[in-house]
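Enquirer: Here it is, the structure, as structure tokens.
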Amino acid sequence: MLPSHSDRNPIPSALSGFHRHELTGRPLNLSATLASGQNFRWRQDSERIWWGVIGDLAVGVWQEAGQPDSPLFWQTFPEPGRWEVIADYFRLEVDLEALYAAWSRAEPRIADALTAFRGLRLLRQPPVECFFAFQCAACNTVVKIERSVSQLAARYGEPLAVSRPPAVAANPGEERIFYTFPTLEALAQADERALRADLWGYRAPRVIALARHLLSLSPDWLASLRQASYAEAHAALTALHGVGAKLADCICLFALDKDEAVPVDTHIRQIALRLFLPDLAGKSLTPRVYSALADAYRARFGPYAGWAQQYLFFAELRRADAYRDPALSGAAD
DNA sequence: GCTTAACCTGGACGC
DNA sequence: GCGTCCAGGTTAAGC
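Structure below.
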């Protein structure tokens, strides 16, 4: 079960008990995927093992840094061996090489980002978690979003029983407690003052109101949008008070399998103005401009435009020095 | 249909 | 130490 030794990156001893999965033909750049701003709850420990929560499972994953074709080492807690959950979450069914070829033909200027972050994948996140995590994103910083979302889970989620809790870098030797993301029922009964104390600020009452509204529709309403078209899902989401076009696109792309969704935030806007639509520079981000920018990505990158924009987005983040991990790609090792 | 201000808050920055 | 600005947006009012 344990891997062979590697001189470049010693296999962490903490991987004892982990499984090994060969990513044959399905590259995965673990660090780029988990640090590219899709999800705010994954953390790396001192041995560079990534720890997160998928649904009701705590998950540990490790891969040799900058080697998207190297094996993935993984384990789930408290129920071990749930590979199907990990494969689904990281969307390993998607053939990246075919996408790279098509994107490069359509827009050669994406080549550097593809090379730097080869194996970056979009996640298939639980819809409720994605919906509320990105509620926190408005006028906020990534560090604060991560803190707010983690505190929300700790306050209103359920602790996960991990039989052999991993130590995490920030607190060596301390047992790490994992929490599920809160249910709609828990969020509907949340205390606004507590949320404000957790840095949710003016977003706090909106979170509670949205949870109550979603419950009134159906506990499974968000997940049911996976069966809808992109246009239908986007329209349904933006009809909710507090959900604009950008947030709707984040949920569509990161949780609802709408691969053509392009969340136009400040970074994606700047990239599009620089590469595709310089004539729109100086224009306010009205709904019409938002659509024009997103359509520009879709016109070039097709039905997986949302994946392509994630590469450009992450490259822009790194340029802006807004990333935390210096070893996200092979070039960085 | 576009522009603007308000909404929380902590960190970076200039003075 | 203090003031100002900014950060992965959304909404409503005013024009």
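Each residue of the first sequence is one higher than the last, beginning at 1002 in the numbering used here. For each residue, glycine too, the CB sits at the ideal point set by N, CA and C.
#1: Is A1139 helix, strand or coil when you go by DSSP?
#2: Please tell me whether V1343 and W1075 are closer than 9 Å, where the distance is taken between their beta carbons.
#3: Please tell me whether Q1064 and L1058 are closer than 9 Å, where the distance is taken between their beta carbons.
#4: Sorted by chain position, which residues of the same chain lie with C-beta nearer than 6 Å to I1178's C-beta, five sequence neighbours on each side aside?
#5: When you compare only the Cα positions, how much space is there between A1189 and L1216?
#6: Measure the alpha-carbon distance for D1199 versus L1248 and round it to whole angstroms.
#7: Along the alpha helix (DSSP H) that carries Q1039, what are the first and last residues, could you check?
#8: Can you tell which of E1193, L1223, F1182, E1147 has its C-alpha closest to the C-alpha of R1044?
#9: Check whether the segment 1129-1147 and the segment 1013-1024 touch, using three or more Cβ-Cβ pairs below 8 Å as the test.
#10: Check P1166 in the structure and name its three-state DSSP category.
#11: Find out if the Cβ-Cβ distance for the pair V1208, L1223 is shorter than 9 Å.
#12: Can at least three beta-carbon pairs, one atom from the segment 1270-1290 and one from the segment 1225-1241, be found at a separation below 8 Å?
#13: For D1260, count the other beta carbons within 10 Å of its own beta carbon; 16 or more makes it buried, fewer makes it exposed. Which is it?
#14: Give the straight-line distance between the Cα atoms of W1051 and D1296, rounded to the nearest whole angstrom.
#15: Mind checking whether P1135 and A1033 have CB atoms under 9 Å apart?
#16: Assuming contact is defined by CB atoms lying nearer than 9 Å, are F1315 and W1308 in contact in what I supplied?
#17: Look up A1059 in the DSSP assignment and give the residues it is bridged to.
#18: When the Cα atoms are used, what is the spatial distance from A1015 to E1048?
#19: By alpha-carbon positions, which one of Q1068, P1081, F1041 ends up nearest to L1031?
#20: List the DSSP bridge partners of P1160.
#21: Looking at A1236: is its Cβ nearer than 9 Å to the Cβ of P1288?
#22: If you reduce the DSSP assignment to three classes, tell me which class L1029 lands in.
#23: Excluding the five sequence neighbours on either side, which residues of its own chain have a C-beta within less than 8 Å of the C-beta of L1100, listed in chain order?
#24: I need the DSSP call for Q1311, collapsed to helix, strand or coil.
#25: Output needed for W1154: all residues of its chain with C-beta closer than 8 Å, excluding positions within five of it in sequence on either side, in chain order.
Expert: Let's see:
#1: Coil at A1139, not helix or strand.
#2: Examination of residue 1343 is not possible in this model, given that the chain is present from 1002 through 1334 alone.
#3: Taking 9 Å as the Cβ cut-off, Q1064 and L1058 do not qualify as a contacting pair.
#4: Excluding residues up to 5 positions away in sequence, P1160 lie with their Cβ nearer than 6 Å to the Cβ of I1178 in the same chain.
#5: The straight-line gap from Cα to Cα measures roughly 8 Å.
#6: A direct Cα-Cα distance of roughly 21 Å separates D1199 from L1248.
#7: Careful: Q1039 lies outside any alpha helix (DSSP H) and carries neither H nor E.
#8: The residue with the shortest Cα to Cα distance from R1044 is E1147.
#9: The segment 1129-1147, when compared against the segment 1013-1024, does not touch it at the 8 Å Cβ threshold.
#10: Here P1166 scores only 49 on pLDDT, less than 50, and its place in the model should not be relied on; the value that follows carries that caveat. Of the three classes helix, strand and coil, the one that applies to P1166 here is coil, per DSSP.
#11: With contacts defined as CB atoms closer than 9 Å, V1208 and L1223 fail to qualify as a contacting pair.
#12: Put simply, the segment 1270-1290 does not touch the segment 1225-1241. Fewer than three CB pairs are less than 8 Å apart.
#13: By the 10 Å Cβ count, D1260 comes out buried.
#14: About 35 Å.
#15: Residue identity differs from the one stated: residue 1135 is Phe in this sequence, not Pro. Their beta carbons are not under 9 Å apart, which means F1135 does not touch A1033 by this criterion.
#16: No, these two residues do not count as a Cβ contact at 9 Å.
#17: Bridge partners of A1059: V1054, F1078.
#18: Those two C-alpha atoms are separated by around 8 Å.
#19: It is Q1068 whose Cα lies nearest to the Cα of L1031.
#20: Answer by DSSP bridge pairing, in chain order: Y1180.
#21: Cβ atoms of A1236 and P1288: not closer than 9 Å.
#22: In the structure shown, L1029 falls within a coil segment according to DSSP collapsed to helix, strand and coil.
#23: Non-local beta-carbon contacts of L1100 in its own chain, meaning distances under 8 Å to residues more than five positions away in sequence, involve Y1305, W1308, A1309 in chain order.
#24: The answer is helix: DSSP assigns Q1311 an H, G or I state.
#25: Note on identity: in this sequence residue 1154 is Ala, with Trp being the wrong assignment. The beta carbon of A1154 sits closer than 8 Å to those of R1042, V1054, Y1180, T1181, F1182, P1183, all from its chain and outside the five residues before and after it, given in chain order.
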